[in-house]
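> Dumping the structure here so I can ask a few things about it.
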Amino acid sequence: MIEMFKPGETTASLEVLVIGAGPAGIAAACIADESGAITGIVDENPGIGGQIWRGTSQNAPSSQAAQKRSQDLSKSKAQLLLGARVIAQPDAGILIAETAEQTYTLECKRLILATGAREGFLPFPGWTLPGVFGAGGLQALVKSGLSVRGKRIVVAGSGPLLLAVAAYLKKSGAQVLQIAEQTPLKKLRAFTNRLVRHPAKAWQALQLKLSLWGVPYRAGIWPVRAGGSEKLEWVELTDGKETERVECDYLACGFNLAPNTELAQLLGCELENGCVRVDEFQETTQPGVYCAGEPVGIGGLETALIEGEIAGAACLGHRDYARTLFSKRAKARRFAALLETTFALRDELRELARPDTFVCRCEDVTYERMAGHGSWRSAKLQTRCGMGPCQGRVCGPAAEFLFGWKVDSVRPPIFPARVESLTVAGVRE
């Protein structure tokens with residue numbers, strides 16, 4: 024790997040540009056580099072690996088395929104631009120990226136979007152208190168140096184991420200009080216029975232359960248309220264019939280994942296069921312723009328790696344090689360579909376927010392104010408929901424779940440940006 028820019032340079036010309044240095048982006052970049060294409064990778068994080076491989080030795084790639092691709096990238100000629108966000112596309116084949124110090128112009132012939140996903144949040148009374156974290160967010164903070172040794176932590180929400188987070192927190196010295204999974208026990212048992220068809224996944228699940236020995240894993244339980252005088256002191260959990268209060272220092276709460284599709288939308292790529300629409304070669308509805316990993320559907324690590332390889336090969340015309348991966352992708356996607364069905368959010372979660380509960384925490388917009396509108400556009404125009412620093416990345420998916428709304432447009436810049444960068448990008452109101 025090499026740095027994309029030398030001191031004083033602000034423009035790069037590439038054959039293949041990959042946005043996102045997580046598993047899908049790494050796999051795509053490796054394939055493109057192996058084909059001899061001038062390849063670049065842009066990621067907003069200071070290091071490669073995305074959220075799943077954030078950190079160093081404690082968070083090494085977890086499979087042989089992942090380890091191989093990580094090693095391949097380190098030996099490649101791929102050019103890196105880290106700590107940078109793509110904010111706009113002033114013209115076809117040209118993207119503008121911004122770091123803390125500089126604005127860059129990236130020219131490319133082919134583009135691969137591997138922008139990953141973020142945690143899904145659902146508003147409930149007290150969810151904005153200090154001490155209430157996204158499950159993956161708390162894990163990322165611990166990996167970055169936050170000490171949780173001796174802290175009492177409740178992990179709640181939905182999905183396999185809860186187990187992984189709880190195991191990491193316990194390993195880091197936290198006292199994990201319990202894992203509250205909103206999925207009913209009956210669905211979890213059916214899921215467990217079907218794991219025998221996926222031995223590698225079953226082995227991973229068993230390892231996680233063993234590492235969490237002694238930590239209660241409760242099905243059909245979800246948070247309804249968090250409280251404390253100035254920071255989190257307790258959380259109330261329910262099974263829909265009875266409610267209990269658990270004293271704790273932190274609540275790590277996450278309701279599945281939401282794909283990062285904003286850049287794809289900005290580029291004019293069509294969405295389908297909230298994900299980027301792609302063909303069998305991972306090409307979007309915009310010619311020359313490919314997409315892999317979570318933006319095309321939450322599928323996990325192995326799916327992302329396979330889709331990244333297909334996109335990296337197909338974008339350079341190596342379709343025969345790409346076809347050899349179709350069966351592996353189909354198998355990985357079948358498991359992803361099983362996860363989606365098992366951990367679908369229950370209807371009761373739509374009733375968590377009270378009238379005065381903030382849904383848009385950036386602009387302090389309550390549930391009551393948003394519920395008075397019939398669409399995301401109307402609510403945004405009248406209440407400023409989605410217009411804060413996160414640009415709707417938190418409240419947008421929440422509003423979709425609560426009200427059935429669709430975020431129907433994305434405008435540049437897709438991240439808050441400096442005036443200098445907006446000038447370079449040609450963004451005008």
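Its first residue numbered 24, the sequence shown is counted upward by one per residue in this note's numbering.
Don't be surprised by glycine CBs; every beta carbon is placed ideally from N, CA and C.
Predicted model only: the values in this text are computed from it and were never measured.
By the three-class DSSP mapping on this structure, what secondary structure does D56 have?
helix
> Among all the DSSP beta bridges, which residues are the ones paired with S36?
E130
> Take C383 and list the residues in its own chain whose beta-carbon comes closer than 6 angstroms to its own, dropping the five residues that flank it on each side.
C408, C418
> Within the same chain, show all residues whose beta-carbon is closer than 7 angstroms to that of G159, passing over the 5 residues directly before and after it, in chain order.
Apart from sequence neighbours up to five positions away, the residues of its chain that approach G159 with a beta-carbon distance below 7 angstroms are Q74, E142, L184, V188, G277, ordered along the chain.
> Going by the beta-carbon positions, is the gap between K174 and Y273 smaller than 7 angstroms?
yes
> Output the boundary residues of the beta strand (DSSP E) element that contains D343.
Per DSSP, D343 lies in no beta strand (DSSP E) segment; the continuous alpha helix (DSSP H) that holds it begins and ends at 342 to 346.
> Compare the C-alpha of E443 against each of K98, L280, E124, I54 and name the closest.
E124
> Go ahead and pull the three-state DSSP assignment for S350.
helix
> Just reading off the alpha helix (DSSP H) that F381 is part of, what are its end residues?
Premise fails: F381 lies in the beta strand (DSSP E), 381 to 383, not in any alpha helix (DSSP H).
> Taking only three categories from DSSP, how would you classify L231?
helix
> Identify whether G409 lies in helix, strand or coil by the three-state DSSP scheme.
coil
> Is it buried or exposed for P25, if we count other Cβ within 10 angstroms and need 16 for buried?
The residue asked about is misnamed: residue 25 is Ile in this sequence, not Pro. Exposed, since its Cβ has fewer than 16 Cβ neighbours within 10 Å.
> Please classify Q405 as buried or exposed, where buried requires at least 16 other C-beta atoms within 10 Å of its C-beta.
exposed
> Between the alpha carbons of L186 and T62, how many angstroms are there, rounded?
Between the C-alpha atoms of L186 and T62 there is a straight-line separation of about 36 angstroms.
> Can you tell me whether DSSP reads E306 as helix, strand or coil?
strand
> Please state whether the Cβ-Cβ distance between I42 and V109 is less than 7 angstroms.
The criterion of a C-beta distance shorter than 7 angstroms is satisfied by I42 and V109.
> Three-state secondary structure (DSSP) at V165?
helix
> Report the three-state DSSP secondary structure of R172 (helix, strand or coil).
coil
> With 16 other CB atoms within 10 Å as the buried threshold, where does R92 fall?
That one is buried.
> Do the region 418 to 431 and the region 369 to 384 touch if we need at least three Cβ pairs shorter than 8 angstroms?
yes
> Could you have a look at A83 and say whether DSSP puts it in helix, strand or coil?
With a pLDDT of 47 at A83, under the threshold of 50, the predicted position of this residue should be treated as unreliable, though the coordinate-derived value follows. Looking at A83 - three-state DSSP - the assignment turns out to be coil, as it is neither helix nor strand.
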